[in-house]
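Undergrad: Protein chains in written order, with the UniProt record's numbering: chain A, 1 to 314; chain B, 1 to 338; chain C, 1 to 318; chain D, 1 to 323. Ideal placement from N, C-alpha and C gives every residue a C-beta, glycine not left out. Predicted model only: the values in this text are computed from it and were never measured. Handing you a structure now.
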Amino acid sequence: MAVKTNQADISPEELQRLTTEANQEAAPSSTRILWNEFKADRPALISLIIVVGFILFVMIAPIFINSEKMMTTNIMAYLTPPMEDHFLLGADANGRSIALQLIVGSRNSIGIAIGLTLISSTFGIAWGLISGYFGGYIDWGMQRVYDFMMMLPMTMMIIVLVTIIHDYNSISLTFIFSIFYWMGTSRLIRSRTLAETKKDYVAASITSGTGSWKIIFKEIMPNISSLIIVDTTLSFAENIGVETGLSYLGFGLPPQTPSLGTLIANANDPNNITQYWWTWLPAAIEIIILCLAISYIGQVVSRAANASQRRAEK
Amino acid sequence: MNEENELLKLTDVSTAFKIDGQYYPAVSHVDLEVEKDEILAIVGESGCGKSTLATTIMGLHDPQTTQISGQAVFAGQNLLEMKEEDLNDIRGAKIGMIFQDPLSALNPLKRIEDQISEVLDYHTGMSSEEKHARVIELLNQVGILEPQRTAHQFPHELSGGMRQRVIIAIAIACKPDLIIADEPTTALDVTIQAQILDVLRDIQAENHAGIILITHDLGVVAETADEVAVMYAGEIVERGTTAQVFGDPKHPYTRSLLRSMPQGDMDVLHDDLYVIAGSVPSIEKMPQTGDKFAPRIPWIKASAHEEEPTMHEVAPGHQVRCTCYQDFYFQRLEDVDQ
Amino acid sequence: MWKTILRRVLIMIPEIILLSILVFLLAKAMPGDPFTGSINPRSSAAQIEHLKQINGLYDPWYQQYWNWVVHLFHGDLGQSYQYHEAVSNLIGDRAVNTLWLSAFTMVLTYMLALPLGLYAGKHEGRLPDTVIRIYTYVTYCIPFFVILVIGLWIFGYVFNWFPTTGSVSPTAHGMGVLSSRLEHILLPGLLGALFGTVNIVQYMRSEVIDAKHSDYVRTARSKGVPNKDIYKHHIFRNSLLPIAAFGGYSITGLLNGSIFTETIFSYPGMGMLFIDSINYRDYTVITALVLMFGILNLLGTLLSDIILGIVDPRIRID
Amino acid sequence: MNLIEIRDLKVHYPIRSGFLNRVTDVVRAVDGISFDIKAGETYGLVGESGSGKSTTGKSVVGLEEVTSGSIKYDGVDITKKSARKKIKYNENVQMIFQDSLSSLNPRKRIIDIIAEPLRNFEKLSAEDEKIRVLQLLETVGLNPDSLYKYPHQFSGGQRQRIGIARAVATNPQLIIADEPVSALDLSVQAQVLNFMKKIQREFGISYLFISHDLGVVRHMCQNIAIMNKGRLVEVGTREDIYEHPLHIYTKRLLAAIPEVDVAHREERMQKRLEIEQVYQQESDQYYDEEGLAYPLLQVSPTHFVALPEDKLTQLTGEKRRDA
């Protein structure tokens, strides 16, 4: 039988000293690495400031806007051009301020995109991890569900569901979108999980007596965290397009609720698209800038995750 | 050395890789000759530069990230300064190469026959019937039992040993004067390894080619090679005939390496193996000057090492880098501080 | 090989059944019923009630579902309320338009994507690669419909280079029909291709880069194969094969995108028909379209798997 | 005393095909093997790639689902997961892996890696745990400043020693070492093997040493089993296997090991070619119709070989005559 080692041969002071020494030798944390990477890349820092600042602004500003008053028709201001009559960005055919609609609409669109990203990514990640880790019949069953979901024409299904449900709001809309937007993430995570599961550190954890759930979420997930962050950032950029696209078609948020999509839908009128460009172009430009900035952040994150591509000094 | 039989002569060959904008030497100042009918083994542990030397001779490095100097004279021409087009006439035709991992070294999407006859396409004017006949002949020569069937298969349908035979068939397709085999048996089982080495020996006997055999396995060298060059940290530290190097190793590295091999007569529970102190520094941390092995033999006085080690002839054809071998002796294991 | 395909097709059957049940139930949940369109507006409530009764509208759902499926198998997709026409005829016309646009987009996509991906991979890290990567990055980020709207605005309205609505000019005849068709699909096709190339270019590029550093390319070099032939016989060939399998998946993307493309360009295809039908609650058309798109998606995946099985000997299906 | 008793162990992998993904055939990775591991010994399991030796090791440690047969530890059959859980099996049976990089979670610090089995099987205070990890690091010859480093900051040999430290953390009785040194350089291999022996002497651990390298196995193991296509072909002590091999497979394997003895290389090559010839010509006498090994027959108290009886009599007869 093995002899238990004597634990008294290291004094507390000695332990303290060894710990401090070890700490000094320790590698920087991943948050630190990420921050260094942003500091080393100026456009990335600017993107980060734009995105964070903008999101904060559109989340806070609408509190001071009376949206009911904003959405009431004002014939007198019919299609006022920008910079006239206190309309910073002009007014639409109903005489409503584009600038104010843009702020409230951004909040709605970004809010839904954030909600959608949170729900669909969480679901997709969990799905991919579980399917990839357990394999066998569990994976087989989950893959059939995945296949079935992939077969559904997403846009059509969402439109049909929106038509059926009468009293939907932004929250139920977010959930409807989420049903159809987790598959990409789940596939990506599953394939990486499959690869990770084959590695010996998972076997080592099993033989060390660690349970399956702990292995999935504490051992495997940290190893694909960079993939998760990158995928989530890119999904966020993509998801802005989901709600706005459907609102553009008229099947997103209810008509009286402003959204970036409904603003761009002003372009559906051949007169608006050329003559009254201010009714839709600002919203389009906003989406473009926002999506570019978010994806750029995603690129920086993925670079930080890959040691060989980092730009920050080592 | 017989001038007439000399196939390849390396003089002061160095290769440096660019890492983070700076060049670090992977191979430095290598002098070697290979003759006809000779198997020269280059032996060393991982990272000692033996594979880099092979790819340097073949010109397989990206010139943008490598710096190569010195001379590698083959058939009167310096390979290291040749243009890519001229090199292509030599590669595959005059020099064949065998790689370590037989699966990844074959194109997964092409049939075996196409991969072998590709060499013939570029170096012979054979008709397609002639090429087919030659492919079958080659597969026979490397010991493949059903050449017609194998020729038609894809790499993934073959076993590791079969794939390595195919690689050898590619390397010898044009009866090259020189074959460079880079760890040809490392990925294989011992019984397959023995067969592959037999194939290599047979081919050499038939074609009178010179072979450069690169390996980390001292046993393979002792069984196969005529001449040995031992590499450490990009330099050749000892060279001579196989009998000289294995029978009377001189350099402390060679001696330590041989000593650290498991011996059959040791006690299972109590006898420990000899361990070389320290470890090979990474390429970035390698000292640029002085005796690179010196830090790993702490019981020899620093003064025993040469400042800038040079080759010393200890017997005809047996050379050792640095004079420190004179001071080296094995102490009892217990005295060796790890 | 045929056995594997047959097996794949058989696995699809339960999926299609499930899809049809789902679509049927969704249709049931929609406002209105299949007679809203076909009955005489002057019929009394009692008469409608009677019609519903004899047509089984009060049967349990599975009974109704069965009847519907039986009709489907006879090619009867029902009557359109809005157009007073058999749905099959209606979709037939629109499908031709969508097919024209999709096929054109796909051809353009591959014509653009393959050279770009190969070129970027070959010249990894150099200026053209950077330019191509910026292009893919930008188009990847911007939502498809925004690209379409802006494209329509700039090239359709501001420069007036392309028609902004319709599929064929009504005045065209003879060969003019074809050229008018091309004129109408040029802009949406180009914009769709611009958007669709992104994934293929990126995939292609990384395939080429992987192949470039692979051992078998090193083997080819040591055989004395010249650089341009290494690209031709090894790198391009090996990177192109997996791309072939993308073709099937592109169908899914194109169908989903057609809803936006056709709405924005007022192009009378299936996507626009769908939006119109939703707006008019023309639900026989809607169910038919959803079912059809679902099956097409499935066929796309099947096609991809088959292509991949044929071109890659490692997973060759036999 | 036998620590582990393996009886008629089979691990078959299903091959699925057909319409409904039904099992149409099986791969017999391990096909009915039996052997015992005594407390305190190193038992060598030797075979070429695909022989099933790794699968055997994995089923002993509980990583592989066993098709049939039994693995008894302390008299308890541990082939079921519930049985392993009940007796905290993995506290006593641990594993060292071949690929040191892949066996250490790259996102975890060394302290968390080594402490993982401790956290699952022994509830220690944070301070005691740290002390234990420091002691373990010392046992395998690593500095205390390794505590908060990540695996990639170490060399291959050092990582393999970290793997050993983790395996011995709970003071196990048996460690499955699956090709522990085959990815290492010669000089580093010596170091790792020495540490394994040192730990064995200090803690009285048994090893199941799985390897294809007969030189290393001879250095490490008292008892050895040779595996071929999922079955055992020869079992015996170190002397039995290396001095008196009977099965052609064992002979062939032994003859194929390259040795550093340059002077006698021609003779060895001749001998190898002779054995190869026998192998080619007589393999049907050594294997059954399916090309698999026969059941084991006892030759001596320690020596077993998989041969039909007539062949065995013939071989032992020859041997006696030679002597």
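(1) At what residues does the beta strand (DSSP E) containing Met-231(B) begin and finish?
(2) If you measure beta-carbon to beta-carbon, which residues of the region 159-176 of chain C are closer than 9 angstroms to chain A?
(3) Select from His-208(B), Pro-102(B), Glu-157(B), Ser-117(B) the residue whose C-alpha is nearest the C-alpha of Gln-164(B).
(4) Need the endpoints of the alpha helix (DSSP H) that Ala-16(B) sits in, please.
(5) Can you find the residues in the same chain that come closer than 6 angstroms, C-beta to C-beta, to Thr-262(A), ignoring five residues on each side of it along the sequence?
(6) Does Pro-242(C) get closer than 7 angstroms to chain A when you measure Cβ to Cβ?
(7) Specify the secondary structure class of Thr-5(A) as computed by DSSP and reduced to three states.
(8) Consult DSSP for Leu-292(D) and reduce its assignment to one of helix, strand or coil.
(9) Using the rule of at least 16 other Cβ atoms within 10 Å of the residue's Cβ for burial, across every protein chain shown, is Asn-94(A) buried or exposed?
(10) The alpha helix (DSSP H) that contains Phe-304(D), what's its start and end?
(11) Would you decide whether Asp-310(D) is buried or exposed? Buried here means 16 or more other CB atoms lie within 10 Å of its CB.
(12) Please report the residue range of the beta strand (DSSP E) in which Leu-232(D) lies.
(13) Could you please give me the residues that DSSP links to Phe-209(D) through a beta bridge?
(14) By the criterion of Cβ-Cβ separation under 9 angstroms, what are the contact partners of Val-119(B) in chain C?
(15) Tyr-81(C): buried (16+ other C-beta within 10 angstroms of its C-beta) or exposed?
(16) Run down chain B in chain order and give the residues with a C-beta less than 7 angstroms from the C-beta of Thr-109(C).
(17) Using a C-beta to C-beta distance shorter than 7 angstroms, which residues of chain B count as neighbours of Asp-305(C)?
(18) In chain D, which residues lie less than 7 angstroms from Tyr-201(A) when you measure between Cβ atoms?
(19) Roughly how many angstroms separate the alpha carbons of Val-61(D) and Asn-107(B), rounded to a whole number?
(20) Anything in chain C within Cβ reach of Met-97(B), meaning under 7 angstroms, just list it in chain order.
(21) Which residue wins for smallest C-alpha separation from Val-221(B), given the options Pro-287(B), Thr-185(B), Ile-300(B)?
(22) Per DSSP, which one or two residues make a beta bridge with Gln-94(D)?
(23) So which residues of chain B does Lys-149(D) contact, with C-beta pairs closer than 8 angstroms?
(24) State buried or exposed for residue 317(A), treating a residue as buried only when at least 16 other CB atoms are found within 10 Å of its CB.
(25) Measuring straight from C-alpha to C-alpha, what distance separates Trp-35(A) and Trp-299(B)?
(26) Determine which residues of the region 256-280 of chain D have a Cβ less than 9 angstroms from any Cβ of chain E, and write them out in chain order.
(27) Thr-186(B) CB to nearest chain D CB: under 7 angstroms?
(28) DSSP state of Gly-125(B), grouped into three classes?
(29) Among Gln-288(B), Val-190(B), Asp-121(B), Asp-182(B), which has the Cα closest to the Cα of Pro-309(B)?
(30) For Ser-49(D) and Ala-120(C), I'd like the C-alpha separation in whole angstroms.
(31) Measure the Cβ-Cβ separation of Phe-104(C) and Ile-16(C) and say whether it is below 7 angstroms.
(32) Verify the CB distance criterion: does Ser-295(A) have a CB-CB separation below 7 angstroms to chain C?
(33) Alpha carbon to alpha carbon, how far is Ser-260(B) from Val-275(B)?
(34) Do you know offhand how far Gln-202(C)'s Cα is from Leu-116(C)'s?
(35) Determine, using beta carbons only, whether Met-266(B) comes closer than 7 angstroms to chain D.
(36) Counting along the chain, where does the beta strand (DSSP E) carrying Ser-68(D) start and finish?
TA: In short:
(1) 227-232 is the extent of the beta strand (DSSP E) around Met-231(B).
(2) Thr-164, Thr-165
(3) Gln-164(B) has its Cα closest to that of Pro-102(B), out of His-208(B), Pro-102(B), Glu-157(B), Ser-117(B).
(4) It is not in any alpha helix (DSSP H) - Ala-16(B) instead sits in the beta strand (DSSP E) that spans 6-19.
(5) Counting only residues of its own chain and dropping the five nearest sequence neighbours on each side, Thr-262(A) has a CB closer than 6 angstroms to the CB of Ser-247.
(6) No - not a single Cβ of chain A is within 7 angstroms of the one on Pro-242(C).
(7) Because Thr-5(A) sits at a pLDDT of 45, beneath the cut-off of 50, its placement in the model cannot be relied upon, and the following sentence gives the value as read from the coordinates. Coil.
(8) Three-state result, Leu-292(D): coil.
(9) exposed
(10) Looking at the DSSP string, Phe-304(D) is not in any alpha helix (DSSP H); the run it does join, the beta strand (DSSP E), is 304-306.
(11) exposed
(12) 231-237
(13) Gly-44(D), Ala-177(D)
(14) What Val-119(B) touches in chain C: Lys-223, Gly-224, Val-225.
(15) buried
(16) The contacting residues do not exist; Thr-109(C) stays about 24 angstroms from chain B at best.
(17) In chain order: nothing, as chain B lies at least about 18 angstroms away.
(18) Ser-102, Ser-103, Leu-104, Asn-105
(19) Separation of Val-61(D) and Asn-107(B) (C-alpha to C-alpha, rounded to the nearest whole angstrom) is 38 angstroms.
(20) What Met-97(B) touches in chain C: Ser-222.
(21) Thr-185(B)
(22) Ile-175(D)
(23) Those within 8 angstroms of Lys-149(D) in chain B number zero; the least Cβ separation is about 16 angstroms.
(24) In this structure chain A extends from 1 to 314, so residue 317(A) is not present and cannot be described.
(25) Roughly 47 angstroms between the two C-alpha positions.
(26) Of the protein chains in the structure, A, B, C and D, none is chain E.
(27) no
(28) coil
(29) Of Gln-288(B), Val-190(B), Asp-121(B), Asp-182(B), the residue nearest in Cα terms is Gln-288(B).
(30) 41 angstroms
(31) no
(32) yes
(33) 6 angstroms
(34) 9 angstroms
(35) yes
(36) 68-73
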